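Shown next, in structure tokens, is the structure this report addresses.
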Ligand SMILES: Nc1ncnc2c1ncn2[C@@H]1O[C@H](COP(=O)(O)OP(=O)(O)O)[C@@H](O)[C@H]1O
Ligand SMILES: [Mg+2]
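In full-length UniProt numbering, the protein residues as written are 1 to 477.
Here it is as structure tokens:
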């Protein structure tokens, strides 16, 4: 099944800064009805412009991720129950973002670093609210592995042939949230992968229903494909923690396999797959194998056939592909691949990938949100200051800006709306730039301001616009 994301869906909602706001219409449902099955007043439902299904048995499942402190020794089940109770006791609307821990809950304060609501963006699209009584929170408790990547050192100065991480890893914390696409792309990837794991789990007969656990993300360079693969593995490791007690990510360094010591390459492949094999044999392990830029494998094979590369490389590539083909039959393996080319790739295990997604350059909204996250970070660390030394509210998110742009009474010279409009101008100019280039833009702009030690946000926005114009000109040659 192909999911193509080239045609963006309608503009998504703002990613709000705080996840939970106390519901502003408490009269909708009596507080006492929260944990039972609240009757749904249809009239009021319409007033609240609610989109979610409402009867108790059709509640919307919303993931709530609970990160424990590194030092916490609390049982995950206990924390889960404590968080469920805490959520039940509060009348919240559900939107993506952090949930503050109540000051009087010493157990949670002691053990929990962060509680975060996830995946509501499709529901809250167009400002529709997901209210507490429509939601069944699904609480995932996890702790981050702080080990960092384990590398398999190459012999004789060769590059290492793979990197390995225990998931969820500290290194990838926040990566998923930092990747900004049109609404739905990340959720669909997550759902496809989750369905594939569920089918495996329930032993669905593959002769009757066919599916596989191969993901291919393709599109131009710098659009976040590699990052998205790693972030997806991290998310799945959190969501499937209760089923798989251990999760690992192995990043195969395909380039290193074509080192100049081809005689070593065969050994490297064998060693790599022996290691993966050991991992997958343990059924409580979930193993992600990432092969970045798979087209390089096809290209190397082609080059060997045409004689421009040592013929040994064909053996190495074929050995790797055969091993991958074998690996995909294991139920607890997900193979993640990326490609910078959009044409068909001549590699058997990839062309049958069920989960194929085109990842293109960011849309206007994504560009705006990427730049906004950069500016907010520079404000946070004090590299940028608010105009006139004040502390103007943060820069508006995309949807709020779109709304406010049309009400002139909101304009104030150096306020949030002013800054946001300048940022919008920069985002408009950046059409065609990759996410990677966009994340560099504020740095380049800063490097060209006259007085880098004291830079107010408003002046900076103008420099950002100039820098964007320059980059666009350069990118077009
Ligand atoms: N859509 C996006 N949203 C946010 N950041 C992005 C996006 N696309 C790219 N980036 C940034 O660019 C960096 C490089 O992306 P990468 O995963 O290496 O891209 P690719 O594998 O497609 O070449 C990412 O770490 C991220 O910071
Ligand atoms: Mg990449």
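Here a beta-carbon is modelled for each residue, glycine too, at the ideal position from N, C-alpha and C.
Since we're looking at a predicted model, the values are computed, not measured.
Cβ-heavy atom distance between residue i and ligand 1 below 7 angstroms?
i: residue 366; result: yes
i: residue 362; result: yes
i: residue 108; result: no
i: residue 442; result: no
i: residue 480; result: The displayed coordinates of the chain run from 1 to 477. Any statement about residue 480 would go beyond what the structure contains.
i: residue 290; result: no
i: residue 370; result: yes
i: residue 221; result: yes
i: residue 178; result: yes
i: residue 181; result: yes
i: residue 188; result: no
i: residue 243; result: no
i: residue 436; result: yes
i: residue 191; result: no
i: residue 439; result: yes
Tell me the rounded alpha-carbon separation between residue i and residue j.
i: residue 478; j: residue 345; result: Lying outside 1 to 477, the shown extent of the chain, residue 478 is not represented and no answer is given.
i: residue 22; j: residue 95; result: Low local confidence applies: a pLDDT of 35 at residue 22 is under 50, so the model's placement there is unreliable, with the coordinate-based value given in what follows. Near 11 angstroms, if we compare the C-alpha coordinates of residue 95 and residue 22.
i: residue 268; j: residue 320; result: 10 angstroms
i: residue 288; j: residue 130; result: 33 angstroms
i: residue 223; j: residue 106; result: 42 angstroms
i: residue 48; j: residue 128; result: Here the model assigns residue 48 a pLDDT of 33, short of 50, so the residue's position is not dependable and the matter cannot be decided.
i: residue 31; j: residue 89; result: Caution is warranted here: a pLDDT of 29 is assigned to residue 31, below 50, making its placement in the model unreliable, and the coordinate value is therefore given only provisionally. Roughly 9 angstroms separates the two Cα atoms.
i: residue 147; j: residue 251; result: 16 angstroms
i: residue 542; j: residue 173; result: No information on residue 542 is available, as it lies outside the stretch 1 to 477 that the chain covers here.
i: residue 339; j: residue 230; result: 14 angstroms
i: residue 294; j: residue 418; result: 45 angstroms
i: residue 211; j: residue 302; result: 29 angstroms
i: residue 149; j: residue 286; result: 17 angstroms
i: residue 306; j: residue 220; result: 27 angstroms
i: residue 376; j: residue 394; result: 7 angstroms
i: residue 444; j: residue 282; result: 48 angstroms
i: residue 203; j: residue 366; result: 39 angstroms
i: residue 425; j: residue 470; result: 14 angstroms
i: residue 313; j: residue 300; result: 7 angstroms
i: residue 355; j: residue 385; result: 44 angstroms
i: residue 323; j: residue 317; result: 10 angstroms
i: residue 428; j: residue 183; result: 19 angstroms
i: residue 27; j: residue 122; result: Reliability fails at residue 27, whose pLDDT of 27 lies under 50, so the model's placement of it is uncertain and the value that follows must be treated cautiously. Cα-Cα distance, rounded: 25 angstroms.
i: residue 238; j: residue 206; result: 27 angstroms
i: residue 187; j: residue 119; result: 7 angstroms
i: residue 447; j: residue 457; result: 14 angstroms
i: residue 69; j: residue 170; result: 12 angstroms
i: residue 454; j: residue 383; result: 7 angstroms
i: residue 435; j: residue 341; result: 17 angstroms
i: residue 374; j: residue 380; result: 10 angstroms
i: residue 327; j: residue 266; result: 17 angstroms
Ends of the beta strand (DSSP E) at residue i?
i: residue 225; result: No beta strand (DSSP E) holds residue 225; the alpha helix (DSSP H) holding it covers 225-239.
i: residue 442; result: Looking at the DSSP string, residue 442 is not in any beta strand (DSSP E); the run it does join, the alpha helix (DSSP H), is 435-447.
i: residue 374; result: Premise fails: residue 374 lies in the alpha helix (DSSP H), 364-380, not in any beta strand (DSSP E).
i: residue 166; result: 162-167
i: residue 186; result: Segment 185-201 is the alpha helix (DSSP H) holding residue 186; no beta strand (DSSP E) there.
i: residue 334; result: 333-339
i: residue 143; result: Element bounds for residue 143: n/a, residue is neither H nor E.
i: residue 65; result: 60-68
i: residue 249; result: 246-252
i: residue 290; result: 285-291
i: residue 357; result: 355-358
For ligand 2, is there a heavy atom less than 7 angstroms away from the beta-carbon of residue i?
i: residue 225; result: yes
i: residue 295; result: no
i: residue 338; result: yes
Contact defined as beta carbons within less than 8 angstroms: I believe residue i pairs with residue j. What is the distance between those atoms, to the nearest angstrom?
i: residue 117; j: residue 108; result: Between residue 108 and residue 117 the Cβ distance is about 15 angstroms, and since that is not below 8 angstroms, they are no contact.
i: residue 296; j: residue 254; result: 6 angstroms
i: residue 475; j: residue 433; result: 7 angstroms
i: residue 234; j: residue 168; result: 5 angstroms
i: residue 442; j: residue 401; result: About 18 angstroms separates the two Cβ atoms, so there is no contact after all.
i: residue 236; j: residue 193; result: 6 angstroms
i: residue 249; j: residue 290; result: 6 angstroms
Determine the extent of the alpha helix (DSSP H) in which residue i is found, giving its start and end residues.
i: residue 111; result: 106-111
i: residue 468; result: 457-475
i: residue 496; result: Since the first residue shown for the chain is 1 and the last is 477, residue 496 is missing from the structure and cannot be characterised.
i: residue 429; result: 416-429
i: residue 216; result: Here residue 216 belongs to no alpha helix (DSSP H); instead the beta strand (DSSP E) covers 214-218.
i: residue 399; result: 398-404
i: residue 350; result: 348-351
i: residue 87; result: 76-88
i: residue 93; result: Note, residue 93: premise wrong, no alpha helix (DSSP H); beta strand (DSSP E) at 92-94.
i: residue 177; result: 175-178
Under the criterion of a Cβ to heavy atom distance below 7 angstroms, does residue i qualify as lining ligand 3?
i: residue 355; result: In the structure shown, ligand 3 is absent; the only ligands present are ligand 1 and ligand 2.
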